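Quick note on numbering: the sequence shown equals residues 9 to 315 in the numbering used here.
No residue lacks a Cβ here, since even glycine has one placed at the ideal position from N, Cα and C.
Please read these numbers as outputs of a predicted model, since none were measured by experiment.
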Amino acid sequence: MTCLSVRAAAKINLSLDVVGRREDGYHLLSTVMQTVELADRLTIRLEPEHPGIRLICPQTGIPLDSRNTVWKAAAFFLEATGAGVGLTIRLDKQIPAAAGLAGGSADAAAVLYGLDRLLPDRLSRPRLFELAARIGADVPFCLQGGTVLCEGIGEKLTILPPLGRFPVLLCKPDFGLSTPWVFSRLKREQLGKRPDQQAVIAALADRDLPALARHTANVLESVSLPAYPVLRELKRHLAADGAALALMSGSGPTVFGLFEDPAACAAARARLAGIAPPGALILQTWTCPSGPDIIAGDCSDAADPGE
């Protein structure tokens, strides 16, 4: 096999707390992350005769060099295995950038996952997750997928029972939020409501979304919502339209509603389309139990990634 395609799934944060700070400035987190079906697609092709990493993306504005987590993940994997092979990787984006949905981290995790299956020398699970943590804080979770309590800076994973399949409505306003910008303005004495993580985990185990809503919070809302009041309004509309939980994902600006009833989610999507700010992206998706997976075991007959 010389080629395969991998699905790179987005995430939402079902809770997010900041519990401390390391000496190097990184914030210590306690967050429950959940994979959703919204996903990018990466097609990875081995190029034995052409060394180096060639990254292609049809969408504009995507860096195609070492600034991209896809390129970094490929470079780290090749270095770790000593594989003397070139790669052509096509990235087809569906996850919006700078949205709090871990699109870049999901792409990196998908590359690690795909290369570990495409190349003959597979890495141990600890080594694979070590590489993931070197790339970015959310990459270990994106490699694992499902429902997971993430601690430290994101590298300490506790796998939780699968939440099950629930509809999710995502709304991303027409602007991005920089994670460093949000964290630089975070004041622990002004965090407001903080999640009760043990109660959150219990509610998730029972698939009790109303209990989850009572006990959860995202403390980064204390920065993002005052700076961008539209996010508070979007949360209010989602709750009014039947979301069991309305919360900001990560550092934002995407706000999501987690629903028990697919029909209510679809109706909320229609209503939100009429009141959301111009340029907002509204997407309906579902929670799912896994991270990256193979779309096609052998894509040798697929369109050339360079096309």
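L131 is not a Cβ neighbour of Q152, given a cutoff of 8 Å. Restricted to the region 52–84, the beta strand (DSSP E) segments that are unbroken, complete and at least 3 residues in length are 61–64, listed in chain order. In the DSSP assignment, T155 falls within the beta strand (DSSP E) that extends over 155–160. The beta carbon of S230 lies closer than 6 Å to those of Q198, L199, G200 in the same chain, with the five residues before and after it left out. Pairing A284 with H58, the inter-Cα distance amounts to about 48 Å. Between P169 and V238, the C-beta spacing is not below 8 Å. If only uninterrupted alpha helix (DSSP H) runs of at least 4 residues are considered, those enclosed by the region 194–224 are 205–213, 217–223.
In the three-state reduction of the DSSP assignment, E268 falls in the coil class. Between T293 and V176, the gap from beta carbon to beta carbon is short of 8 Å. Annotation: the continuous alpha helix (DSSP H) that includes I143 extends over 133–143. A276 places its beta carbon 8 Å or farther from that of D301. By the C-beta density criterion, K195 is exposed, having fewer than 16 other C-beta atoms within 10 angstroms. If you look at S259, you'll find it isn't in any alpha helix (DSSP H); DSSP assigns it neither H nor E.
For Q67, the CB contacts under 6 Å within the same chain, skipping 5 residues up- and downstream, are K101 in chain order. According to the DSSP secondary-structure assignment, R15 is paired through a beta bridge with R49, D301.
Inter-residue distance for S257 and F267 is about 15 Å (C-alpha atoms, whole angstroms). Listed in chain order, the non-local C-beta contacts of L72 below 8 Å within the same chain comprise L63, I64, C65, W79, local neighbours out to five positions each way being set aside.
Across the structure, G122 and P134 are spaced so that their CA atoms are roughly 16 Å apart. The alpha-carbon separation between S38 and P56 amounts to approximately 43 Å. Just so you know, the alpha carbons of N226 and V147 end up roughly 20 Å apart.
A contact between stretches requires three or more CB pairs, one per stretch, nearer than 8 Å, and the region 32–49 meets this requirement with the region 153–161. Contact between K19 and C150 holds: their C-beta atoms lie close to 7 Å from each other, under 8 Å.
By the criterion of a C-beta distance shorter than 7 Å, A211 is surrounded in its chain by A219, L220, H223, once the five residues flanking it on both sides are discounted.
Taking a 10 Å sphere around the C-beta of L280, we find 16 or more other C-beta atoms and assign the residue as buried.
CA-CA distance, A106 to P188, rounds to 11 Å. Just so you know, the alpha carbons of L246 and A254 end up roughly 6 Å apart. V263 carries a strand assignment under DSSP once its states are collapsed to helix, strand and coil. For G60, same chain residues with a beta-carbon under 7 Å away, outside a window of 5 residues either side, are G94 in chain order.
Of all alpha-carbon atoms in M9, R15, A116, N21, the one lying nearest the alpha-carbon of I209 is that of N21.
Assignment of C307 by DSSP, reduced to helix, strand and coil, places it in the coil class. By the 16-neighbour rule on beta-carbons within 10 angstroms, I167 is exposed. The Cβ atoms of E45 and A16 do not sit closer than 8 Å to each other.
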